[in-house]
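Q: The structure under discussion is supplied below as structure tokens; questions concerning it will follow.
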Amino acid sequence: MGSSPFLRHRTHYTRLASHKTFRIKRFLAKKQKQNRPIPQWIRMKTGNKIRYNSKRRHWRRTKLGL
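In this text, residue positions in the sequence shown follow this note's numbering: the first is 71, and each later residue adds one.
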């Protein structure tokens with residue numbers, strides 16, 4: 071029994087999705103903003119060479135690795 075009950079309780083406590091640090095929240099907000107389609111004016115500007123955002127991420131298929 072290497073870990074104390076307090077530490078076991080603490081790790082369980084931080085696993086709740088609602089309990090997140092500001093750093094994690096800021097990281098998730100940035101990823102949420104990046105996960106959008108490209109604007110239509112970029113398609114027009116590049117002559118339709120860039121058609122979609124290749125870095126789009128689906129919430130279930132590709133995880134962030136937190």
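Note that CB positions come from ideal geometry on N, CA and C, so glycine has one too.
In whole angstroms, what is the alpha-carbon distance linking T132 and N105?
A: Rounded to whole angstroms, T132 to N105 spans 12 Å at the Cα level.
Q: Given a cut-off of 8 Å, decide if I120 and R126 are closer than it, judged by their beta-carbon atoms.
A: Their beta carbons are not under 8 Å apart, which means R126 does not touch I120 by this criterion.
Q: Hey, K101 and L134 are a contact pair by Cβ (cut 8 Å); roughly how many whole angstroms apart?
A: Right, their Cβ atoms sit about 6 Å apart.
Q: Can N123 and P107 be called in contact, C-beta distance under 8 Å?
A: Cβ atoms of N123 and P107: closer than 8 Å.
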